[in-house]
Ligand SMILES: [Fe+2]
Ligand SMILES: [Fe+2]
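Residue numbers (our numbering): 3 to 221.
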């Protein structure tokens, strides 16, 4: 399992494995699946780690805080309305303190996890590591990548046809517009605008294909 090929510290390997196990518990609880064909949550978490580290590199946020927070941010996610952020912050403190993760950075991780929720918001998040986690988490829910993630989620939840899935994806554009306006960092805001544009184009193309609009009438 996992994609964390060459971790340089034992905590990275340990924490990513725990994060993976948590995604299986979520799939079991939500959909009674022992091993989903497409593990939406695991795809999402790995993407948040990748995007978080990229953003940390650009913005100067502490990469260790961002990475640990990204692995553990959805550890307790089990449904739509839960208090997984607060629970995740508590668990992160407990888990990380048993590893070689720098002790003085643990509070930064907990703080970032505690404030990662909400699909959009009015005010900027601080400090920078919390801002970066929020942005990476939400960026993972935008763009072509997110369409694959959401289709995987849809399939795991056994919710019906591609056409129905498409109309749900089109409806999601409403909150996704607000998400783009809520980004904390400039690079995420820029990428968000681009992703939303690409996503709309992709959805239009998909709808056109499903409806056969790309077939030319012969005269
Ligand atoms: Fe979350
Ligand atoms: Fe998340």
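Positions of the beta carbon are idealized from the N, C-alpha and C atoms, including for glycine.
- Nearest to residue 155 by C-alpha distance, out of 43, 22, 21, 11, is 43.
- The three-state secondary structure of residue 117, taken from DSSP, is coil.
- From the listed residues 50, 170, 98, 23, the smallest Cα separation to residue 12 is found for 98.
- Taken atom to atom, the span from the alpha-carbon of residue 171 to that of residue 178 is near 10 Å.
- For residue 67, the uninterrupted alpha helix (DSSP H) run begins and ends at 65–74, by DSSP.
- Within the chosen limit of 7 Å, ligand 1 does not reach the beta carbon of residue 153 with any heavy atom.
- Annotated as proximal: residue 88 and residue 116, with beta-carbon spacing under 8 Å.
- Taking the Cα of residue 40 as reference, the smallest distance to any Cα among 151, 56, 136, 60 is reached at 151.
- Look at residue 190 here: in three-state DSSP terms it is helix.
- Around the Cβ of residue 54, a 10 Å sphere holds 16 or more other Cβ atoms; the residue is buried.
- In terms of CA proximity to residue 139, 52 leads the group 160, 158, 52.
- Here DSSP, grouped into helix, strand and coil, assigns residue 17 to helix.
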